[in-house]
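Enquirer: Before I ask anything, here is the structure I am working with.
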Amino acid sequence: MLGSFMLYIVTKTMYGECSPESRMIENEAFIHGYSRRQKAQKLHLNTFRQIRRLESTGRSPIYSLFMEAIQGVSSISAYDVKKDFIQAFEEKLDKCFVCAFNSNVCNRWLNFCLNSLGSVIVFVTTILAIQNREALSPAVMGLLISYSLSVRNSVIDFF
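Okay, so the sequence shown: first residue is 1 according to UniProt numbering, each after it adds one.
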């Protein structure tokens, strides 16, 4: 999709105007790819926002219990309820770590998807460059492949 679009741009600038049919196909492919990226981005952002919210609400009781323990350290030792405070603290930490784990899983999923998308961009660009090796010089083919690698890195850095 993006590789064919880059190939279209290079061939248009080097060899003149392309046919209207090929331009229409390239525009449709570009629009379709853009809309799919928008849907994936919206899904990830909504999910990640909810996970962050859960993580912050899970972290708040930890801070409040810690402040209670610091302010009431003399009462805690006088009534010998250290084990109760430690157990409550560990339970709250477990809940917070579950949310942090889900946040890390969500980030890893996004990283995997973006790496896969970038690899597909490079693969399609390389295949199209190989298929059109008679029409393109080796320098242009190298430029297309290196540009697709930089697009891959830009896609990963964009998120």
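Idealized CB from N, CA, C, for every residue including glycine.
This structure is a prediction, so every number in the text was calculated from the model and none was measured.
#1: Rounded to the nearest angstrom, what separates residue 57 and residue 152 at their Cα positions?
#2: How would you label residue 114, buried or exposed, when you count the other beta carbons within 10 angstroms and need 16 or more for buried?
#3: Count the CB pairs spanning the region 52–67 and the region 88–104 that are closer than 8 angstroms, and state whether there are at least three.
#4: Mind checking whether residue 103 and residue 55 have CB atoms under 8 angstroms apart?
#5: Measure the alpha-carbon distance for residue 149 versus residue 49 and round it to whole angstroms.
#6: For residue 143 versus residue 125, is the C-beta distance shorter than 8 angstroms?
#7: Taking residue 119 as the reference, give the member of 97, 138, 154 with the closest Cα.
#8: Contact defined as beta carbons within less than 8 angstroms: I believe residue 106 pairs with residue 51. What is the distance between those atoms, to the nearest angstrom?
Expert: So, to answer that:
#1: Taking the first residue of the sequence shown as 1, we reach residue 57 at position 57. Taking the first residue of the sequence shown as 1, we reach residue 152 at position 152. One alpha carbon belongs to residue 57, the other to residue 152, and they sit about 36 angstroms apart.
#2: For the purposes of this step, residue 114 is identified with residue 114 of the sequence shown, where counting begins at 1. Note on residue 114: 16 or more other CB atoms within 10 angstroms of its CB, so buried under the neighbour-count rule.
#3: Segments in contact, yes.
#4: Taking the first residue of the sequence shown as position 1, residue 103 is located at position 103. Taking the first residue of the sequence shown as position 1, residue 55 is located at position 55. Contact flag set, yes.
#5: Within the sequence shown, numbered from 1, the residue matching residue 149 stands at position 149. Within the sequence shown, numbered from 1, the residue matching residue 49 stands at position 49. Looking at the two C-alpha atoms, the distance is approximately 30 angstroms.
#6: If you number the sequence shown from 1, residue 143 lands on position 143. If you number the sequence shown from 1, residue 125 lands on position 125. Annotated as distal: residue 143 and residue 125, with beta-carbon spacing of 8 angstroms or more.
#7: Sequence index remark: in the sequence shown, residue 119 carries index 119 (1-based). Closest in C-alpha terms to residue 119, from the list 97, 138, 154, comes 154.
#8: As a working note, residue 106 is residue 106 in the sequence shown. As a working note, residue 51 is residue 51 in the sequence shown. With a Cβ gap of about 6 angstroms, residue 106 and residue 51 count as contacting.
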